[in-house]
Amino acid sequence: MAALGPMALVDYLDKYVTSCENRQISPVMAVKKTVERAIDSGEMPDIMKLNGTITELRYHRIDDGMLETIFLPMVGLSLVRHIDLSYNEIGNRGAFAIAKVLKDDNAMETLILKSNNIGSEGVIAITKSLAYNEKLIHLDLSENNIGDDGGMAMASLLQSNNYVSNLDLSNNLSSASNRSQTLVNDVMMHFSKTIQLNYAITHLNFSKMGITDWNMCDLLASALKANKNIETLNLSCNRISRDGGVALCNALMKHSSVNNLILSCCSIQDEGAIAIAQISNTGLVAIAKALRNNSGVKYISLWGNQWGETSCEEFAELMQEPLASKSIEDFTNTSIKSPKPVSAGSTARLQPHMLDVSFYVVEDSIHVAHSPRK
13 MAALGPMALV DYLDKYVTSC ENRQISPVMA VKKTVERAID SGEMPDIMKL
63 NGTITELRYH RIDDGMLETI FLPMVGLSLV RHIDLSYNEI GNRGAFAIAK
113 VLKDDNAMET LILKSNNIGS EGVIAITKSL AYNEKLIHLD LSENNIGDDG
163 GMAMASLLQS NNYVSNLDLS NNLSSASNRS QTLVNDVMMH FSKTIQLNYA
213 ITHLNFSKMG ITDWNMCDLL ASALKANKNI ETLNLSCNRI SRDGGVALCN
263 ALMKHSSVNN LILSCCSIQD EGAIAIAQIS NTGLVAIAKA LRNNSGVKYI
313 SLWGNQWGET SCEEFAELMQ EPLASKSIED FTNTSIKSPK PVSAGSTARL
363 QPHMLDVSFY VVEDSIHVAH SPRK
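In the working numbering, the protein residues as written are 13 to 386.
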């Protein structure tokens, strides 16, 4: 990375230490060491790892006050390329400090804010700053509580921001179970419009966002048809069932760019029932048939759904691999093994490493097993 200049780095470090002293906060050694190494090398620091899982922060995670001492001296400096602040205790006040840095920053490409306490006000502040920022590519706001207003603000921003290409908002609307479906639909409607207008987005994570069959059929499917640049789409742990799966497959049938599709543990809750009915056998069959006409999808996760013999047969046929026959005794001392890799030159649509499931036969009946990708 281009040199920032040792004096600017020294100035930042002095301001940071002084700010900590004024607030009677102990400096984070990971910050000091990162900047000191940069001063010695004369180069801008490439990455600053301040995630709450590192040893130093494990029992004293970064809160709003600590975040302000780190970020406010950065304003106007363009100091670091990648910052990981995941698993901390950053709230809206800390997000305001981050927003001040982002507005004029010309270095930061990755900002990881996963699993903090940032609400809608903090996200709105960040989106306003990103309206001026042309550098940030990867933004991870997963596992916060951005709410409807924060979701709307992010969707509105992305209609005009063509720089952010990797967006993770998964497991974010944590109050979804207490909100009316109308509010969830409004947020997804805005994001659907955004997907149609924003061609910079290539990685989209909407896991645990409360997406239903209606959202999929009436909103997201049409948006995906219009946007041919999305490469990774994560819709796992939503309320997508048979109809939503069919709509998604129809949208992706001629969508050559999607190569990583994640639909694990999708389900829809029946009215008045506690039990969850997952993606059905019919929906999985539709997915298998759609994959025959889509050569772009390279990875698909489907474990945790309701497999039937027909859907197992459809996917096994896509792999064009002979199925091992097992007896009940085989499961006493041996574990289920995935089929051997398809040989070079094979015309099989799917190879074992492309799925998170494998198939086997017991007493002339085909079954599915979990086979996580390594």
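Every residue gets a Cβ at the ideal spot worked out from N, C-alpha and C, and that includes glycine.
If you're wondering where the values come from, they're calculated on a predicted model, not measured in any experiment.
### Environment of Y438 [buried if 16+ CB atoms lie within 10 Å]
The structure shown does not extend to residue 438, since the chain spans only 13 to 386, so no value can be given for it.
### Query
If you drop the 5 nearest sequence neighbours on each side, which residues of the same chain put their C-beta closer than 6 Å to that of K112?
V87
### Task
Would you kindly check if the distance between the Cβ of A109 and the Cβ of V92 is under 8 Å?
no
### Message
Is the beta carbon of N129 closer than 8 Å to that of L97?
### Response
no
### Distance between Y28 and V22 (C-alpha atoms, nearest Å)
10 Å
### Message
Starting from I37, trace the beta strand (DSSP E) in both directions and tell me its first and last residue.
### Response
Segment: none, I37 is in no beta strand (DSSP E) and carries neither H nor E.
### Query
Within this structure, are the beta carbons of G222 and V258 separated by less than 8 Å?
When the beta-carbon positions are compared, G222 and V258 stay at least 8 Å from each other.
### Message
Measuring straight from C-alpha to C-alpha, what distance separates D117 and D255?
### Response
44 Å
### Task
Look at the alpha carbon of V380 and the alpha carbon of L142, and state the distance between them as a whole number of angstroms.
Computed Cα separation, rounded: 45 Å.
### Query
Buried or exposed: which applies to S204, given that a residue is buried once 16 or more other Cβ atoms fall within 10 Å of its Cβ?
buried
#### Entry: Coil, strand or helix - I130 by DSSP
DSSP places I130 in coil when its eight states are reduced to three.
### Task
Counting only the same chain and skipping the five closest in sequence on each side, list residues whose C-beta sits under 8 Å from that of G284.
Confidence at G284 is low in this model, with a pLDDT of 22, below 50, so the placement of that residue should be treated as unreliable; the coordinate-derived value is given next. There are no such residues.
### Rounded straight-line distance, which links the Cα of L170 to that of L330
37 Å
### Message
According to DSSP, D180 sits in a beta bridge with which residue or residues?
### Response
D152 and N217
### Query
Among L179, T46, I207 and W315, which has the Cα closest to the Cα of D368?
W315
### Query
Between the C-alpha atoms of M41 and E68, what's the straight-line distance to the nearest angstrom?
8 Å
### Query
Between the beta-carbon of G106 and the beta-carbon of L79, is there less than 8 Å?
yes
### Message
Mapping the DSSP letters down to three states, classify L89 as helix, strand or coil.
### Response
coil
#### Entry: Residues of its chain near I378, where Cβ-Cβ distance is below 8 Å and the 5 sequence neighbours each way are ignored
Excluding positions up to five away in sequence, the list reads E321, C324, E325, A328, L335, F371 and Y372.
### Query
Alpha carbon to alpha carbon, what distance is there between I124 and Y71?
20 Å
### Task
Just mark E375 as buried or exposed, buried being the case when its beta carbon has 16 or more other beta carbons within 10 Å.
With a 10 Å radius around the Cβ and a threshold of 16 neighbouring Cβ atoms, E375 comes out exposed.
### Message
Please list the terminal residues of the continuous beta strand (DSSP E) segment that includes K61.
### Response
I59 to K61
### Query
Does the beta-carbon distance from H3 to M164 come in below 8 Å?
A question about residue 3 goes unanswered here, because the residues of the chain that appear run from 13 up to 386.
### Task
Can you check DSSP and say which residues form a bridge with T67?
Looking at the DSSP assignment, T67 forms no beta bridge with any residue, so it has no partner.
### Query
For H382, which residues of its own chain have a beta-carbon under 6 Å away from its beta-carbon, when the five flanking residues on both sides are left out?
Result list for H382: W315, in chain order.
### Query
Within 8 Å (strictly less), CB to CB, does I102 reach chain C?
Annotation note: the requested chain C is absent from the structure, which comprises a single protein chain.
### Task
Please report how far the alpha carbon of G100 lies from the alpha carbon of S53, in whole angstroms.
Correcting the residue identity first, residue 100 is Asn in this sequence and not Gly. When the Cα atoms are used, N100 and S53 turn out to be separated by approximately 29 Å.
#### Entry: Own chain residues within Cβ distance below 6 Å of T199, not counting five before or after
At residue 199 the sequence reads Val, which differs from the Thr that was named. Contacts found: D160 and G163.
### Task
Locate the beta strand (DSSP E) running through V374, then write down its first and last residues.
That run of the beta strand (DSSP E) goes V369 to V374.
### Query
Is the beta carbon of L366 less than 8 Å from the beta carbon of Y311?
The question names Leu, yet the displayed sequence has Met at residue 366. Contact: yes.
### Task
Give the secondary structure of V380 by DSSP, where H, G and I count as helix, E and B as strand, and everything else as coil.
strand
### Task
From the DSSP output, in three-state form, read off L245 for me.
strand
### Query
Within this structure, are the beta carbons of S234 and L275 separated by less than 8 Å?
Taking 8 Å as the cut-off, the Cβ atoms of S234 and L275 do not count as close.
### Task
Look at T46 and P39 and say whether their C-beta atoms are less than 8 Å apart.
no
### Message
If I follow the unbroken beta strand (DSSP E) through S53, where does it start and stop?
### Response
Careful: S53 lies outside any beta strand (DSSP E), inside the alpha helix (DSSP H) at M41 to S53.
### Message
Taking DSSP's pairing of strands, which residues face T224 in a bridge?
### Response
R251
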